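Peer 1:
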Amino acid sequence: MDGKTVHLLDLPDEILLIVLKKLDSVDVLYSLLNVNKRLDQMVRSVNNTKFLNFSMNNVQLNRFCCEILPQIHQNIVSLTLEIFSMERILLACEYPNLTIIVLTNFLPDILLQYLTDESPIFRLLQQQIKHLTVKCDKQLVINHSFTDVCVRILAICRNLSYLNVHQWLITNHACLSIRDRPPNVCLSSNLHTLSISVDTFDDCLCLLDGRLEQLRSFTVRIYFIIRSRMNNNNQTTLCNLKEFSLISYLHTTAYDCRILPLLRRMPNLKTLTFGLNIVRLTVIDSLYLNEELLIHMKYLNKFIFHICTVLPDFEANYFLTTNDIKNTFLNWKYSSVSCCIDHFSDGYSYYHIYSTPFQMTDFMCLSNSFCGQDFFYVTNLWLFDTRPFEHDFFEWLSQACPLLQDLLIANSISQKDKRQVAIINDKQIFSKISYLHLS
Numbered sequence: 001m002d003g004k005t006v007h008l009l010d011l012p013d014e015i016l017l018i019v020l021k022k023l024d025s026v027d028v029l030y031s032l033l034n035v036n037k038r039l040d041q042m043v044r045s046v047n048n049t050k051f052l053n054f055s056m057n058n059v060q061l062n063r064f065c066c067e068i069l070p071q072i073h074q075n076i077v078s079l080t081l082e083i084f085s086m087e088r089i090l091l092a093c094e095y096p097n098l099t100i101i102v103l104t105n106f107l108p109d110i111l112l113q114y115l116t117d118e119s120p121i122f123r124l125l126q127q128q129i130k131h132l133t134v135k136c137d138k139q140l141v142i143n144h145s146f147t148d149v150c151v152r153i154l155a156i157c158r159n160l161s162y163l164n165v166h167q168w169l170i171t172n173h174a175c176l177s178i179r180d181r182p183p184n185v186c187l188s189s190n191l192h193t194l195s196i197s198v199d200t201f202d203d204c205l206c207l208l209d210g211r212l213e214q215l216r217s218f219t220v221r222i223y224f225i226i227r228s229r230m231n232n233n234n235q236t237t238l239c240n241l242k243e244f245s246l247i248s249y250l251h252t253t254a255y256d257c258r259i260l261p262l263l264r265r266m267p268n269l270k271t272l273t274f275g276l277n278i279v280r281l282t283v284i285d286s287l288y289l290n291e292e293l294l295i296h297m298k299y300l301n302k303f304i305f306h307i308c309t310v311l312p313d314f315e316a317n318y319f320l321t322t323n324d325i326k327n328t329f330l331n332w333k334y335s336s337v338s339c340c341i342d343h344f345s346d347g348y349s350y351y352h353i354y355s356t357p358f359q360m361t362d363f364m365c366l367s368n369s370f371c372g373q374d375f376f377y378v379t380n381l382w383l384f385d386t387r388p389f390e391h392d393f394f395e396w397l398s399q400a401c402p403l404l405q406d407l408l409i410a411n412s413i414s415q416k417d418k419r420q421v422a423i424i425n426d427k428q429i430f431s432k433i434s435y436l437h438l439s
């Protein structure tokens, strides 16, 4: 180095563009627009103004609405908005190419005001928006309000092809409940991708009864799947469905009588994902999956799963080892599979089989036996064990699940190995473990 200071404008255009692409587009626009002709041309580029994420204070918002958006509005394809500033930003100017909205800090009562004929943004939502994501974050939302919003979205947004709207945390979730509503709600002839949480398995069946005729990709989360709540003899083949994902947290006894028959109605699936805790009298392994499920899905090329079979001790096979189960997957044509077995003192044994590397965001019934493995993508986690979770376990967990956001611990056994590092003023001080995203 010769000690010279290199200024931003000293960089050649190709290097400067690389630098700008690494920065947040909103920050670049706010800081550099109208600074000089050269920078102005770069920050106004289509690639730099297509996708904008608005999370800012009122001073910044004022300048954007009054000065910046009117200069770049024709380039904008996607906006990420907070519910409180949504109307102001959308009314700041015309957005002829806007088709994608991501909405944060979801509050159903406020959003419902925008989903009416009298709303000033009604026409935009009705005619332009094709992709809509609603993030509920940590707010507590009741099912009735959540359902009202979903019903109105599908009624208003006629051109919507993609909808992702759910609040799903192990400890706090809002769900769509339409089983007791008229059959003409949640109708759409354009929607091809849906990701949502539903209250019951019956609500899931309602969404697959033909009202979403073009649905090709369906991700659904159901907190608890019970055996039966209503008669549903619909055996219609879901020919259009190419991707299906099902996550359920609580133990279910309804896999063979409810879930499996639904899966068999999806012969054209190319991608299947599910995470289930299944109570039954025999262990689910490769042989069972091939003979009872996959034989009906000849086009399937991607299968990601975490299945925990829960057996009462009087049915548990204590001679069955992880290698025995793994050996059934020797000729498995999908991703690698790992296995873990726990025989708990509460009278139940848990037989886990799961795709590796683990790509799912949810993991149920993780115990001490999983120490040493990595679950990089897991954000929602349920811990269960009849043995204590010691300090070393939580140290491992912070590294194994670096993105963890929501944690439920089902364990009342006191730690035996508390990690004391010092005594100050007769008080024990213990070492700390950081979970950067846990709240």
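For what it's worth, the UniProt record's numbering labels the leading residue of the sequence shown as 1, then goes sequentially.
Using N, Cα and C, we set each Cβ at its ideal position, and we do this for glycine too.
Note that this is a predicted model, so its numbers are computed, not measured.
1) Could you spell out where the alpha helix (DSSP H) holding residue 395 opens and where it closes?
2) Whose C-beta lies closer than 6 angstroms to the C-beta of residue 12 among residues of the same chain, with five residues either side of it excluded?
3) Do the region 59-66 and the region 34-50 meet, that is, are 3 or more Cβ pairs less than 8 angstroms apart?
4) Note the first and the last residue of the continuous alpha helix (DSSP H) segment covering residue 326.
5) Helix, strand or coil, according to DSSP, for residue 254 in the structure here?
6) Using the three-state DSSP reduction, which class does residue 131 fall into: helix, strand or coil?
7) Whose C-beta lies closer than 6 angstroms to the C-beta of residue 281 among residues of the same chain, with five residues either side of it excluded?
8) Kindly indicate the opening and closing residues of the beta strand (DSSP E) around residue 380.
9) How would you write the range of the beta strand (DSSP E) that residue 150 sits in, first residue to last?
10) With 16 other CB atoms within 10 Å as the buried threshold, where does residue 123 fall?
11) Quick check: what's the CA-CA separation for residue 277 versus residue 26?
12) Would you mind reading off the limits of the alpha helix (DSSP H) that contains residue 350?
13) On the premise that residue 158 lies in contact with residue 112, defined as a C-beta separation below 8 angstroms, what is that separation, rounded to the nearest angstrom?
14) Need the endpoints of the alpha helix (DSSP H) that residue 364 sits in, please.
15) Residues in the same chain with beta-carbon distance under 7 angstroms from residue 375, minus the five sequence neighbours each way, listed in chain order, please.
16) Please state the DSSP three-state secondary structure of residue 340.
17) For the candidate residues 257, 35, 132, 136, whose alpha-carbon lies nearest to that of residue 154?
18) How many angstroms separate the CA atom of residue 394 from the CA atom of residue 307?
19) Do you know how far the Cα of residue 431 is from the Cα of residue 274?
20) Ignore the nearest five residues each way along the sequence and tell me which others in residue 1's own chain have a CB closer than 7 angstroms to its CB.
21) Is it true that the CB of residue 223 sits closer than 8 angstroms to the CB of residue 245?
22) Quick check: the Cα distance between residue 389 and residue 415, rounded to an integer number of angstroms?
23) CB-CB under 6 angstroms to residue 219, same chain, minus the five flanking residues each way: which ones, in chain order?
24) Buried or exposed for residue 43, going by 16 or more other Cβ atoms inside 10 Å?
25) What are the residues that DSSP puts in a beta bridge with residue 67?
26) Go ahead and pull the three-state DSSP assignment for residue 313.
27) Considering Cα atoms alone, identify which of 437, 264, 237, 203 is closest to residue 143.
28) Quick check on the DSSP output: what are the complete beta strand (DSSP E) runs of length 3 or more inside the UniProt domain "F-box" (5-54), in order along the chain?
29) How big is the Cα-Cα spacing for residue 382 and residue 21?
30) When burial is assigned at 16 or more other CB atoms within 10 Å of the CB, is residue 379 buried or exposed?
31) My assumption, with CB atoms under 8 angstroms, is that residue 238 sits in contact with residue 211. Please give the rounded CB distance.
32) According to DSSP, is residue 97 helix, strand or coil?
33) How many Å lie between residue 320 and residue 309 at the Cα?
34) Measuring straight from C-alpha to C-alpha, what distance separates residue 176 and residue 148?
35) Which first and last residues belong to the alpha helix (DSSP H) in which residue 201 is found?
36) Where does residue 436 land, buried or exposed, given buried means 16+ other C-beta within 10 angstroms?
Peer 2: Taking the coordinates as given:
1) Along the sequence shown, one-based indexing puts residue 395 at 395. Note, residue 395: alpha helix (DSSP H), 391-400.
2) As a position in the sequence shown, residue 12 is number 12, starting the count at 1. Taken in chain order, the list of residues that qualify is empty.
3) no
4) Position 326 of the sequence shown, counted from the start, is the residue given in the question as residue 326. Residue 326 -> alpha helix (DSSP H) spans 322-327.
5) Within the sequence shown, residue 254 is the residue found at index 254, counting from 1. Residue 254 falls in the coil class under three-state DSSP.
6) Position 131 of the sequence shown, counting from 1, holds the residue named residue 131. Of the three classes helix, strand and coil, the one that applies to residue 131 here is strand, per DSSP.
7) Position 281 of the sequence shown holds residue 281. Excluding sequence neighbours, residue 281 sits near 315.
8) For this step, residue 380 is matched to residue 380 along the sequence shown. Where residue 380 is concerned, the enclosing beta strand (DSSP E) stretches over 380-384.
9) Start at 1 with the first residue of the sequence shown, and residue 150 comes out as number 150. Unbroken run through residue 150 is the alpha helix (DSSP H), 143-156; no beta strand (DSSP E).
10) Position 123 of the sequence shown, counting from 1, holds the residue named residue 123. The residue is exposed, with fewer than 16 neighbouring Cβ atoms inside 10 Å.
11) Your numbering for residue 277 matches position 277 in the sequence shown. Your numbering for residue 26 matches position 26 in the sequence shown. Distance between the alpha carbons of residue 277 and residue 26 is about 43 angstroms.
12) As a working note, residue 350 is residue 350 in the sequence shown. Counting along the chain, residue 350 falls outside any alpha helix (DSSP H), though it belongs to the beta strand (DSSP E) covering 348-356.
13) The residue you call residue 112 lines up with position 112 of the sequence shown. The residue you call residue 158 lines up with position 158 of the sequence shown. Contact flag wrong, Cβ pair sits at about 18 angstroms.
14) Within the sequence shown, the letter at position 364 stands for residue 364. Taken as a continuous stretch (DSSP letters only), residue 364 belongs to no alpha helix (DSSP H), being part of the beta strand (DSSP E) at 362-366.
15) What you label residue 375 is simply residue 375 of the sequence shown in a count that begins at 1. Cβ within range, chain order: 358, 363, 400, 401.
16) Counting from one through the sequence shown, the residue named residue 340 turns up at place 340. In this structure, residue 340 counts as strand in the three-state DSSP scheme.
17) The residue labelled residue 154 in the question sits at position 154 within the sequence shown. The option with the nearest alpha carbon to residue 154 is 132.
18) In the sequence shown, residue 394 corresponds to position 394, counting from 1. In the sequence shown, residue 307 corresponds to position 307, counting from 1. For residue 394 and residue 307, the distance between alpha carbons rounds to 24 angstroms.
19) Position 274 of the sequence shown, counting from 1, holds the residue named residue 274. Position 431 of the sequence shown, counting from 1, holds the residue named residue 431. Each residue's Cα considered, the two are about 37 angstroms apart.
20) If you number the sequence shown from 1, residue 1 lands on position 1. Model confidence at residue 1 stands at a pLDDT of 46, short of 50, so the residue's coordinates are unreliable and nothing is read from them.
21) If you number the sequence shown from 1, residue 245 lands on position 245. If you number the sequence shown from 1, residue 223 lands on position 223. Cβ atoms of residue 245 and residue 223: not closer than 8 angstroms.
22) The sequence position of residue 389 within the sequence shown is 389, counting from 1. The sequence position of residue 415 within the sequence shown is 415, counting from 1. Roughly 6 angstroms separates the two Cα atoms.
23) To locate residue 219, count along the sequence shown from 1; it is residue 219. Within the same chain, residue 219 has close Cβ partners 195, 245.
24) As a working note, residue 43 is residue 43 in the sequence shown. The residue is buried, with at least 16 neighbouring Cβ atoms inside 10 Å.
25) To locate residue 67, count along the sequence shown from 1; it is residue 67. DSSP lists no partner for residue 67.
26) Counting from one through the sequence shown, the residue named residue 313 turns up at place 313. The answer is coil: DSSP assigns residue 313 none of H, G, I, E or B.
27) The sequence position of residue 143 within the sequence shown is 143, counting from 1. For residue 143, the nearest C-alpha among the options comes from 203.
28) 51-53
29) Here residue 382 refers to the residue found at position 382 of the sequence shown. Here residue 21 refers to the residue found at position 21 of the sequence shown. So the two alpha carbons sit approximately 38 angstroms from each other.
30) On the sequence shown, position 379 is the one that residue 379 refers to. By the 10 Å Cβ count, residue 379 comes out buried.
31) As a first step, residue 238 must be located in the sequence shown, where it is residue number 238. As a first step, residue 211 must be located in the sequence shown, where it is residue number 211. Incorrect: roughly 12 angstroms between the Cβ atoms, too far for contact.
32) Here residue 97 is taken as the residue at index 97 of the sequence shown, counted from 1. In this structure, residue 97 counts as coil in the three-state DSSP scheme.
33) Here residue 320 corresponds to residue number 320 of the sequence shown, with the count starting at 1. Here residue 309 corresponds to residue number 309 of the sequence shown, with the count starting at 1. Taking the straight line joining both Cα atoms gives about 13 angstroms.
34) Counted from its first residue, the sequence shown places residue 176 at position 176. Counted from its first residue, the sequence shown places residue 148 at position 148. In a straight line, the C-alpha of residue 176 is about 9 angstroms away from that of residue 148.
35) Here the question's residue 201 lines up with position 201 in the sequence shown. Here the alpha helix (DSSP H) through residue 201 covers 201-207.
36) Counting from 1 along the sequence shown, the entry for residue 436 is found at position 436. With fewer than 16 Cβ atoms within 10 Å of its Cβ, residue 436 is classed as exposed.
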